[in-house]
Every structure is written in structure tokens, then in C-alpha cells.
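Enquirer: Quick one: the structure is below, questions incoming.
What follows is the structure, encoded as C-alpha cells:
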């Protein structure tokens, strides 16, 4: 039975027309076997590429490499926090120009899956929700809550109407063949009890009512209401997916994690090309028909987009690395896999499937359409090679692998046999080792008397800064006339970083981690006899992005004791952000608003550094090697290229990331402005400007 998409437009069929490579969509329906585009069942390979994690100038090359790698679809989230940073004020410029991105995909002949969310998680700060939602009275995120539903529907409709105005849905002749509402809600639904189920029913009905003319999906949502398709996320959906919740829905895999996001203080997760290919082949063998690689290109967490403790490079281990270079063997191995499966797609889609054992840990999945059309997947789950008999022919199967036989006779591909390798290297192009080229601005340490925001208690950092800065100053005055001038300070923080200053001098720093957000700073204080100015700089490293009741999360300094005396509820003065941020001294115009000084050999915390440089010749990707720095931010020509935290080492004693991508489109040929904010005591004389290249292929 074909599930007709009853919210389609009044016409039942739109022909697919190709002009050059441009794809023009048509009628999209589905049945229990696959998506059906213009009457044709499809096996589709997709890859996630997020438009704001690369630049518009990078998009054509990324899409072209995805297509060359055998993909049919590009999948992307929609980033609500970037498009509506202030309530009612929308931004679709530059890296946020989602229409331009989708039109580029269409021009290169690929389809699009649009994951509207609008909660997206995606290691994006606050799960992609704009912080202003936090201040809506009575709001409960992602629940059957009228305030949240109102704003969710308003933004979802905004995006749908934006797509319609550009004729981008397949029902209009565009490339968008699928849309997604919500995101992995099954992880939190239970926390909302009966309001979870009613919310998910409302979300499905609301989405369908937007009349996109294409099917909707919900990932990790076993009870997705009809006609919304429930889909799988994970690394082994051929083993873990319970399957569609209706026999009339296809088996779709919306996130096949090619690696995993990395956080400061931890090493990258390396997933082999062989393991990815094995699980894709198994999913197809078990009647799956759509596989999306999350991520196919991860890109860069520019500015402050990354969620708590997530590094600036995103899924650098994907088939296309952070810079858009082909990472082997993943890219080439998956390309061969796609070709092998596509070569027998008719048999897979239209043949009768049978499965049977070939041994104690060996299985066959056979699709037979006729006496001459047959495809087979031969699986070996043992940790050693075995030889099996299939149709009276011996086949050797490597350990933990699947062989694909498009004609049920000849092996076209085996998931464990990798033939292509390459390596990546950096070449230094410029050293910033001359003190004369650097200028310095030292951030002032505010005291209680410098502040205008006051409260008789410790304020929550998220509610106070409203995501305008990672930084919040907590200041108070302490009078001391005790004969013992040394006191013990005990500060409890819900992070992520805390620096303590007494009378303008740093007396201690401490930070949490991705696994342990909270911490206690205990330090001895040398107080002066009389009035002391105590200032704490609390820094978040991205906001939380997952879990139920996200609107209730807090951050910053939560309690303080000095010599056992509780100072939590007393007069506090606050400063949101740093003065350099407020004046935007990382821009050409803002830089002139402060007095920069010559570089001195000794470095202090909270120091701004600036210099200029010329772009390296050629087209190789450009990176900053910040291995000599501590923790902070970097800007190029006023564009933030992300947080750095080189001093937070992995258990192996190395930084989680020390190379930071500068897209070439951000560079001028000469006179590029480089500005860094260093929280700790890094040495800018050790910074180098490098280019990235492939050493072998």
C-alpha cells in the first residue's frame, strides 16, 4: 500500500525535469519499502552539511564533493537561535542564508532533507533555541505548553513560508523531499509525563498542517503519529532500530554518526570506515532505504555557536574534514559502497527478500526479483575470516564484514576491504614571533563601585547575560580588620570557569568539564586591613543543549563563604561581559576605541592582543596554530572563528584542538586584522599561520 501524502497540493503529479544538473522535485509519497519520488521507489544516501558551520564560498565545493561521493541528498538543521537572535528580528544573511544554500544544492542535482526542529540539539548552544525564549513568562520548553507551542509554531511557519516563497519544496518543483519536526524527543518524553505525549501529537499535527507537500519525519520517536515517519539515529541502526511504527512507513536512518562530537579535555572519537560501511550495508540488507551520515562535513563552530565544552572543530573525522578536504579512507570507501548498492537497487527495492543462516555467525540477505535479477548481502559477524558456501559457490568473508553481490554471484564490495588512504599535514607559512608586531590591551578588573547592576543575592549567569557574552563579573566588598590577614575562600560554581581576583590581583582559577560542570574553588586570601574588592569572573563555554526542562538550567557562581561566613545573600555588583567585547575592539572600527600598548615580555590574564598579516598564497585551507596560548577567543577581520582552550589537556597531555580554521573567504590579500582575547597567560609569540594539505592519496 502506498501512503499518499494527503496534505499535498491539489495536483497529483509533477514531472521531474532536469536542466543541466539542477534537480527539480515532484510528488513525494512513501510506502513500507521506501520514499517514492514521482512514482519511483528510491534508495537514498544523504549527508549532513550545516550551512552556518561553513561559509557560502565553501558550499559549492562541499556539495560537489558530497555528490562525487555518491550522495543523493544533503541534510541540514535550521538554526533558530541564529535566525531569530532577538524576538521578531530575523537574520538570513551570509552564513545564515539558508535559501542560498538550498538553491546551491538544487543546482548541483541533489535533494534536501530540512530538519526544522526547531529544537535541534546538534551541539549547538541552548540546543539551537534562542535565549529570549527563556524570558517568556510561564514557558516550558518542548512540552504541551501554550507559550512554547505558540513560538515554535510561529518560527516553523516562518521557515516553511520562506521555503515556499522560493519554491524549494519538491511539491513546488524544488529539492526538499523531507522535513523534520522536533528532534530525538523520545529521549525526554517521559520527563513530561502526559504532556509529553500530547505535545508530540500536537507537533505532528501542526507540522502536517503547514502543508509542505512532502512527508515529515521525527527521529528517535517510536510513537511518531501518522502520517509522520519515525526514524533511527545512532551507529548501528541495522541492529538497534525497532523499525517503522506502521507497515506503511519506510525504514529511514536520519543520523549515522561518522564520528562523534569532541569536547575540550577529551580526545576525538575515531570510527572506522569499515564499521560505518558494515552498518550501512546491514541496514540496507534489512530493508532500510535512506541513510544519512551525520556528519558528512562537520565544519567549524564559529563565534559562540558551540554548546557546553564542545570544541570549535565539529566532526573533523567526517568524510569531509573541518576544512572540506577529503578524509580517506572514509570518503572513498563509502563512495564504493554507494555504487555497489545502487548497482542493484532495483533488485533490492522490488525483489522478494529472504534471509537465512550460512553458518554459526554468518547470514545471507537475498533480494530476488526474477530469475536474472538478484542481489545478495553475505554477513560474517565473527572476529576471523571464514569461507562459506552460497549457491554452491565458496566465498571468503573477512572478519566482521558484509560482501555485496549485485548479481548474487560476483562480489562487488566488501565492507572490510579498504583500498584508499591519505594523510593530512600542516605547513607553517608565517610566524608571529616578533614582539614589535603585536599590540596589547589589558582588560580592567571591575570592582563593586564600578558596577551599576546590583542584587542582594547571587544571580544566575544564563538569565543575566542572556547569551550576549560568555562572561559575567560578580563583585562585592569585604571589610577586614582581623589580625590574621589570611582567609580561606570557598566558592561553589556551576561553571564552567571561575577566576578570582582580590584587589585587582588574580588569586585563583578553576574549571569544570563536560562530565562535571560544578566545582568548588578553595583558596587562601591575603586581605589588606580595611576594605577589599573581591571580583569573580565566571565564564561559560557554551550553554547546555540537551535534556528536559532546559529553561531551568543555571550557571555561574552559586554560593560563597569566606572564613566560614556566608556571603551568598548580600550586596553584589555585576558586569555583563568584558569592556573589550562591549566596545568590539576586535573590529577595525572598535579597535580605535581603546589605547593599545606595546607588547611586553610578561603576560597577564585577560589580555587582548592584535596584529595584522597577509593571506598565504594559494588555495589550501588556512589555520592558526594556537598551541602557545591558553584559553580565549579569536577574531579575523571582525569575524569570530570560535573559542580556543589549548591549556585544557586530554588525559594524554595534549590539547583537544590547537589548529583553528580561517576560511579563505574571510581573508583579504593584505592587512588582515587578528585579535585574540587571552583569559590566561598564553604567549602570542608562539602563534603560527599554517596551511593544510593532503600528503598522500
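Numbering (UniProt numbering), first residue to last: 1 to 697.
Here a beta-carbon is modelled for each residue, glycine too, at the ideal position from N, C-alpha and C.
Mind pulling the beta strand (DSSP E) runs of 3 or more residues that sit fully within the stretch 309-375?
Expert: Within the stretch 309-375, the complete beta strand (DSSP E) runs of at least 3 residues are 352-359 and 362-368.
Enquirer: Please specify which runs of the alpha helix (DSSP H), each continuous and at least 4 residues long, are wholly inside the stretch 247-302, giving them in chain order.
Expert: 273-285, all fully within the stretch 247-302.
Enquirer: Do you know how far the Cα of residue 296 is from the Cα of residue 318?
Expert: So the two alpha carbons sit approximately 5 Å from each other.
Enquirer: Can you tell me whether residue 103 is buried or exposed? The criterion is at least 16 other CB atoms within 10 Å of its CB, across all chains shown.
Expert: Its Cβ being crowded by 16 or more others within 10 Å, residue 103 is buried.
Enquirer: Measure how close the beta-carbons of residue 440 and residue 322 come, nearest whole angstrom, since I'm counting them as under 8 Å.
Expert: So it is not a contact: roughly 30 Å between Cβ atoms.
Enquirer: Quick one: Cα of residue 334 to Cα of residue 134, how far?
Expert: Straight-line Cα distance between these residues: approximately 42 Å.
Enquirer: Could you pull the start and end residues of the beta strand (DSSP E) that residue 394 belongs to?
Expert: Looking at the DSSP string, the run of the beta strand (DSSP E) that includes residue 394 is 393-397.
Enquirer: CB-CB under 8 Å to residue 258, same chain, minus the five flanking residues each way: which ones, in chain order?
Expert: If we look at residue 258 and ignore the five residues flanking it on each side, its Cβ neighbours are 271, 276, 293, 294, 295, 296, 315, 317, 318, 319 and 330.
Enquirer: Verify whether the separation of the beta carbon atoms of residue 500 and residue 521 is less than 8 Å.
Expert: Taking 8 Å as the Cβ cut-off, residue 500 and residue 521 qualify as a contacting pair.
Enquirer: Report buried or exposed for residue 444, applying the criterion of at least 16 other Cβ atoms within 10 angstroms of its Cβ.
Expert: By the 10 Å Cβ count, residue 444 comes out exposed.
Enquirer: Using beta-carbon positions only, say whether residue 371 and residue 364 come within less than 8 Å of one another.
Expert: No, the pair does not count as a contact, with Cβ atoms beyond the cut-off.
Enquirer: Can you give the Cα-Cα distance for residue 465 and residue 137, rounded to whole angstroms?
Expert: Those two C-alpha atoms are separated by around 18 Å.
Enquirer: Is the beta carbon of residue 538 less than 8 Å from the beta carbon of residue 498?
Expert: Yes, the pair counts as a contact, with Cβ atoms nearer than the cut-off.
Enquirer: Excluding five sequence neighbours on each side, which residues of the same chain lie with their C-beta closer than 7 Å to the C-beta of residue 162?
Expert: Result list for residue 162: 99, in chain order.
Enquirer: Where does residue 651 fall in DSSP's three states?
Expert: It is coil, neither helix nor strand.
Enquirer: Are the beta-carbon atoms belonging to residue 278 and residue 400 less than 8 Å from one another?
Expert: Yes. Within cutoff.
Enquirer: Could you spell out the range, first to last residue, of the beta strand (DSSP E) harbouring residue 405?
Expert: Segment 401-405, the beta strand (DSSP E) holding residue 405.
Enquirer: Does DSSP put residue 141 in a helix, a strand or coil?
Expert: Looking at residue 141 - three-state DSSP - the assignment turns out to be coil, as it is neither helix nor strand.
Enquirer: Quick one: what's got a C-beta closer than 8 Å to residue 383's C-beta in the same chain, skipping five residues either side?
Expert: Contacts found: 399 and 400.
Enquirer: Using the C-alpha atoms, what's the distance from residue 423 back to residue 53?
Expert: Whole-angstrom Cα-Cα distance: 23 Å.
Enquirer: If the criterion is Cβ atoms closer than 8 Å, does the pair residue 467 and residue 543 meet it?
Expert: Yes. Within cutoff.
Enquirer: Among the candidates 325, 523 and 429, whose CA atom is the shortest distance from the CA of residue 693?
Expert: Closest by alpha carbon: 325.
Enquirer: I need the DSSP call for residue 83, collapsed to helix, strand or coil.
Expert: If DSSP states are grouped into helix, strand and coil, residue 83 belongs with the helices.
Enquirer: How far does the beta strand (DSSP E) with residue 42 in it reach, from first residue to last?
Expert: 40-42 is the span of the beta strand (DSSP E), which, as asked, contains residue 42.
Enquirer: Taking the CB atoms as reference points, tell me whether residue 388 and residue 353 lie closer together than 8 Å.
Expert: No, the Cβ-Cβ distance between residue 388 and residue 353 is not below 8 Å.
Enquirer: Throw me the rounded Cβ distance for the residue 513 and residue 558 pair, which I believe falls under 8 Å.
Expert: Rounded, the Cβ-Cβ distance is 17 Å, inconsistent with contact.
Enquirer: For residue 553, name the three-state secondary structure that DSSP assigns.
Expert: The answer is coil: DSSP assigns residue 553 none of H, G, I, E or B.
Enquirer: Here's the rule: buried if 16 or more other CB atoms are within 10 angstroms of the residue's CB, otherwise exposed. What is residue 617?
Expert: So residue 617 ends up on the exposed side.
Enquirer: By Cβ distance below 7 Å, which residues in the same chain neighbour residue 680 in space, the five residues on each side in sequence not counted?
Expert: The answer, listed in chain order, is 605, 630, 631 and 647.
Enquirer: Could you please give me the residues that DSSP links to residue 424 through a beta bridge?
Expert: In DSSP, residue 424 forms a bridge with 694.
Enquirer: Evaluate residue 505 with the Cβ neighbour count: other Cβ atoms within 10 Å of its Cβ, from every protein chain shown; 16 or more gives buried, anything less gives exposed.
Expert: Residue 505 comes out exposed.
Enquirer: Taking its Cβ as the centre, do 16 or more other Cβ atoms sit within 10 Å of residue 249, making it buried, or is it exposed?
Expert: Classification for residue 249: buried.
Enquirer: To the nearest angstrom, how far is the alpha carbon of residue 112 from that of residue 509?
Expert: Distance between the alpha carbons of residue 112 and residue 509 is about 47 Å.
Enquirer: Do you know offhand how far residue 39's Cα is from residue 541's?
Expert: Roughly 49 Å between the two C-alpha positions.
Enquirer: Work out the CA separation of residue 284 and residue 291 for me, nearest whole Å.
Expert: Going from the Cα of residue 291 to the Cα of residue 284 covers about 9 Å.
Enquirer: Give the DSSP bridge partners of residue 567, in chain order.
Expert: Beta-bridge pairing links residue 567 to no other residue.
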